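Number of protein chains: 2
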Amino acid sequence: MARRSDKRERLIAAGCEVLYEQGLRGTSLADIAERAGVPLGNVYYYFKTKEDLARAVIAQRRLNIEARSADIEATIADPRERLREFIRRAGEARTQVATYGCPYGTIAQELGKTEGVLATEAGDLLRVQRDWVAAQYEALGLPCDEAKIRAIELLAAMQGTSLLTHTFCDASIMKREFERLDRRIAAQSLQ
Amino acid sequence: MARRSDKRERLIAAGCEVLYEQGLRGTSLADIAERAGVPLGNVYYYFKTKEDLARAVIAQRRLNIEARSADIEATIADPRERLREFIRRAGEARTQVATYGCPYGTIAQELGKTEGVLATEAGDLLRVQRDWVAAQYEALGLPCDEAKIRAIELLAAMQGTSLLTHTFCDASIMKREFERLDRRIAAQSLQ
DNA sequence: GTCTATAACTGGATAGAC
DNA sequence: GTCTATCCAGTTATAGAC
């Protein structure tokens with residue numbers, strides 16, 4: 001009867017967690033199956049290959065990013081305040097970041113090295129954020145090129161801070177630097 | 001007669017390359033042995049385990065960092081100019097960074113996720129750079145705490161830029177952002 | 001649709017000849 | 001010291017019973 005089950009969703013959710021914690025190469029399908037409470041062999045009914053599951057996990061992460069952006073857009077009208085909220089929300093994850101790194105940056109970096117196909121989709125996780133940030137800068141009156149440059153500058157600061165926060169296992173780094181970024185945005189003149 | 005051979009050095013050199021290109025988890029001992037021109041089984045005469053070889057590779061990277069710092073110190077007296085030279089030299093690798101990421105940041109991030117023992121030693125690659133940069137800021141008259149904060153801020157900008165350069169495979173990002181950092185240092189007032 | 005058993009393969013590590 | 005052959009554990013993936 002092709003009755004529905006939530007196994008597929010559970011596998012994706014578990015995959016999100018474990019891939020974040022251990023990276024793709026450090027994770028076996030058995031790890032994911034166990035976390036999801038699904039027998040190993042059953043995974044292949046829902047996903048043709050490990051790469052296929054990874055792709056679904058990345059797609060889910062992307063949906064999360066887009067949902068967050070949409071939520072900020074729906075509740076805040078001023079582009080500058082939107083950027084500040086974007087920074088503030090990212091900064092909330094600092095305890096997790098200190099343990100596992102940025103969920104988007106770490107996967108983009110790991111997969112960017114070798115996994116040809118997945119590299120692009122993982123990179124999109126940063127690309128969509130760059131585009132959204134750039135759109136806010138444009139809305140603030142910057143020309144398209146300059147907006148994109150500023151977006152990269154902001155994302156780079158966030159990603160680099162996350163990397164050091166992770167490497168030094170020190171959430172206070174992220175707290176301080178993200179507050180600095182917030183102040184910079186608040187005060188920034190956009191000639 | 002225990003005659004010397006350069007096999008150990010070749011293995012470390014090959015390991016430096018391959019680990020940078022593929023990450024630790026993406027690299028087999030066979031990969032390294034092949035690149036070094038050493039039979040697989042022979043690797044174990046020089047290194048007890050794969051982790052042991054990785055540790056030697058990281059130690060080599062650290063020596064490279066320290067040699068570069070020492071060289072800058074020996075040729076440039078002014079701390080501000082030393083920092084600018086530090087940024088300039090790092091920026092020279094931008095083509096490689098666009099392909100494989102920062103050799104220090106990527107390994108720190110990968111090993112920081114799971115490898116307990118190696119994580120610390122990989123993290124040291126960034127720690128020694130932070131300390132050296134902080135020492136230059138101190139020499140410029142900043143108190144110890146503030147110098148450390150500025151060092152983290154600078155390294156974060158460099159690391160984040162490297163990550164985006166890698167993810168977007170675009171060396172021009174690194175060129176532009178590192179030049180910006182250089183100008184910022186040159187103009188920075190240190191009250 | 002679900003699950004067990006297992007095939008096929010990869011990769012770290014060792015034994016032992018030379 | 002050097003190298004070949006091989007063991008063994010873990011992992012992806014499949015076959016086939018239920």
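From first to last, the protein sequence lines are chains A and B. Under UniProt numbering, the first residue of the first sequence is numbered 1, with each subsequent residue one higher. Under UniProt numbering, the first residue of the second sequence is numbered 1, with each subsequent residue one higher. We treat Cβ as the ideally placed atom computed from N, Cα and C, and that holds for glycine. Being a predicted model, the structure only gives us computed values, none of them experimental.
- With distances taken between CA atoms, residue 164 of chain A lies nearest to A:94 out of A:126, A:94, A:86.
- Residue 39 of chain B sits exposed, since fewer than 16 C-beta atoms from the chains shown fall within 10 Å of its C-beta.
- For the region 82-107 of chain B, the residues whose beta carbon sits under 7 Å from a beta carbon of chain A are, in order, 100, 101, 105, 106.
- Taking C-beta atoms as the reference points, residue 113 of chain A and residue 22 of chain B count as a pair closer than 8 Å.
- Interface annotation, residue 187 of chain A: not in contact with chain B, CB-CB separation never under 8 Å.
- In chain order, 144, 147 place their CB closer than 7 Å to the CB of residue 138 of chain A, counting only its own chain and leaving out the 5 sequence neighbours on each side.
- Minimum Cα-Cα distance from residue 126 of chain B among the listed residues B:117, B:179, B:103, B:56 corresponds to B:103.
- B:130 is the residue among B:130, B:63, B:44 whose C-alpha sits nearest the C-alpha of residue 173 of chain A.
- In the three-state DSSP reduction, residue 175 of chain B falls in the helix class (H, G or I).
- Under the three-state reduction of DSSP, residue 83 of chain A is assigned to helix.
- A Cβ of chain A is located within less than 8 Å of the beta carbon of residue 113 of chain B.
- Close CB contacts of residue 14 of chain B within its chain, under the 6 Å cut and outside five residues either way in sequence, are with 32, 35, 36 (chain order).
- Residue 190 of chain B sits in coil when the DSSP states are folded into three classes, being neither helix nor strand.
- Excluding sequence positions up to five before and after residue 89 of chain A, its CB lies within less than 8 Å of the CB of 68, 72, all in the same chain and listed in chain order.
- Contact of residue 168 of chain A with chain B is assigned, a C-beta pair being separated by under 8 Å.
- In terms of beta-carbon proximity, residue 25 of chain B lines the interface with chain A, with at least one pair separated by less than 8 Å.
- Contact check for residue 55 of chain A against residue 154 of chain A fails: the beta carbons are separated by 8 Å or more.
- The C-beta of residue 70 of chain A has fewer than 16 other C-beta atoms within 10 Å across all chains shown, which makes the residue exposed.
- CA-to-CA, the gap between residue 8 of chain B and residue 180 of chain A works out to about 47 Å.
- Look at residue 59 of chain A: its C-beta is not under 8 Å from any C-beta on chain B.
- If you ignore the 5 residues before and after residue 26 of chain A, its C-beta comes within less than 7 Å of no other C-beta in its own chain.
- Annotation: residue 66 of chain B has no Cβ neighbours in chain A at a cutoff of 7 Å; minimum Cβ distance is about 18 Å.
- At a cut-off of 8 Å between beta carbons, residue 29 of chain A makes no contact with chain B.
- With respect to residue 61 of chain A, residue 186 of chain A sits apart: the two C-beta atoms are not nearer than 8 Å.
- Chain A places no beta carbon closer than 8 Å to that of residue 34 of chain B, leaving this residue out of the contacts.
- Among the residues of the region 125-144 of chain A, those with a Cβ less than 7 Å away from any Cβ of chain B are 126, in the order of the chain.
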